[in-house]
Each structure stands twice: as C-alpha cells, then as structure tokens.
Amino acid sequence: MSVIGLPQEEDWPNDVALPRNAFTSRTPQPIENFVADIDDLGKDLLLKCLAFSPSKRISAYDALCHPYFHDLEKRKESTDSDMSSSQNSSEINSP
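Each residue of the sequence shown is one higher than the one before, starting from 672 at the first, in the working numbering.
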C-alpha cells in the first residue's frame, strides 16, 4: 500500500477480517520513488501488476504480452548481435 496507496472502498473486499478503515489513508506514491530507472513501459506494466483488486489486475498472460517485453526482446537481439560481432572480430584479430 506504500506504492499504490489505500485502495478505494469499491476495491476493498467485503469478506476480510480487517475493514478498510483499519488502515491509515495513504496516497499513491510515484513508482519512480521505488524503482529509480524504470521506463514508461516498465512503469505501466508494474502498476498494472500492483492493482489491488484482482479484477483490475493484469493477467499473467496479458503481462507476458505487454509491450515492455517486446522491447526487451529487441534489446536482447541487439545485444546478442553485438556480442556475436565482437566475438567474430576478436577471433579475426587473434594470432
């Protein structure tokens, strides 16, 4: 709750031992306060994962399909390509 704040009344479950008013009111904090180097796609995905209400939370499947991971795949391919190029050039330069 430190990140997302105290959930709205309509998001609080009815069948729990602790009522919502047992918690002090907290306002949501910027995610950058907790994850300093997060980019916009990472922020979007993380906030969707942290939704208090399960009905509003992103599913595992949708999370894996999130554009954040598409960007990571491109970076991985670029890194793999860079590593392959660097290995080839070091092999060429080896006696």
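Glycine residues also receive a C-beta, built at the ideal position from the N, C-alpha and C atoms.
Tell me whether residue 734 sits in a helix, a strand or coil according to DSSP, three-state version. Helix.
Can you check whether the CB of residue 739 is closer than 9 angstroms to the CB of residue 715? Yes, the pair counts as a contact, with Cβ atoms nearer than the cut-off.
How many Å lie between residue 723 and residue 690 at the Cα? Residue 723 and residue 690 have their C-alpha atoms spaced approximately 15 angstroms apart.
Tell me which residue opens and which closes the alpha helix (DSSP H) that residue 716 is part of. Per DSSP, residue 716 belongs to the alpha helix (DSSP H) from 711-720.
8 angstroms CB neighbourhood of residue 720 in its chain, flanking five on each side removed: Cβ within range, chain order: 728, 729 and 734.
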